[in-house]
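Its first residue numbered 80, the sequence shown is counted upward by one per residue in my numbering. The structure under discussion appears below in the form of structure tokens.
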Amino acid sequence: MSAPPQGAAGAALRIDGEMTIYRAAELKEALLGALSGQGALELDLSGVSEIDTAGVQLLMLAKKTAATLQCELSLRGHSEAVAEVFELLHLATYFGDPLVVSAARPLRESHP
80 MSAPPQGAAG AALRIDGEMT IYRAAELKEA LLGALSGQGA LELDLSGVSE IDTAGVQLLM
140 LAKKTAATLQ CELSLRGHSE AVAEVFELLH LATYFGDPLV VSAARPLRES HP
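Here's what the structure looks like:
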């Protein structure tokens, strides 16, 4: 997890590795800390290798906290793991993602 320098408009946070129950406490602290006192937070999910329901709950908590703090939260760089879970749970609209890209793998053609 890394936090690039803060700008006048907000901050950015990149999450690397698993976004699972095993890291929930660590990630919660980092997410809420990054939202604190910011006008905006850009959350880079390109380094997420695995996400479970605890990870999804953390993203939902971040969205709710951002709204309470009147902070703009944006998600970018969805890894394949994140894209698959967002598609499975129909979360793209909930998070306001501008693009909905299918994470499904193409079916193999069968030849007789």
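We treat Cβ as the ideally placed atom computed from N, Cα and C, and that holds for glycine.
* Should A141 and L152 be called a contact, given that it needs their Cβ atoms to be closer than 8 angstroms? -> The beta carbons of A141 and L152 sit closer together than 8 angstroms.
* Give a yes or no on whether the C-beta atoms belonging to Q117 and A90 are separated by under 8 angstroms. => yes
* Measure the alpha-carbon distance for V161 versus G175 and round it to whole angstroms. => 15 angstroms
* E129 bridges to which residues according to DSSP? -> E97
* To do: Taking L114 as part of the alpha helix (DSSP H), name the residues at either end of that continuous run.
  => A103 to L114
* Separation of F165 from A171, as counted between CA atoms -> 6 angstroms
* To do: Helix, strand or coil for A91, going by three-state DSSP, please let me know.
  => strand
* Tell me, please, which residues DSSP counts as bridged to L154. => L122
* Close-in-space but distant-in-sequence residues of the same chain around P83 (CB under 7 angstroms, 5 per side omitted) -> Here the model assigns P83 a pLDDT of 45, short of 50, so the residue's position is not dependable and the matter cannot be decided.
* Ignore the nearest five residues each way along the sequence and tell me which others in G72's own chain have a CB closer than 7 angstroms to its CB. => With the chain represented from 80 up to 191, any question about residue 72 goes unanswered, as that position is not in the structure.
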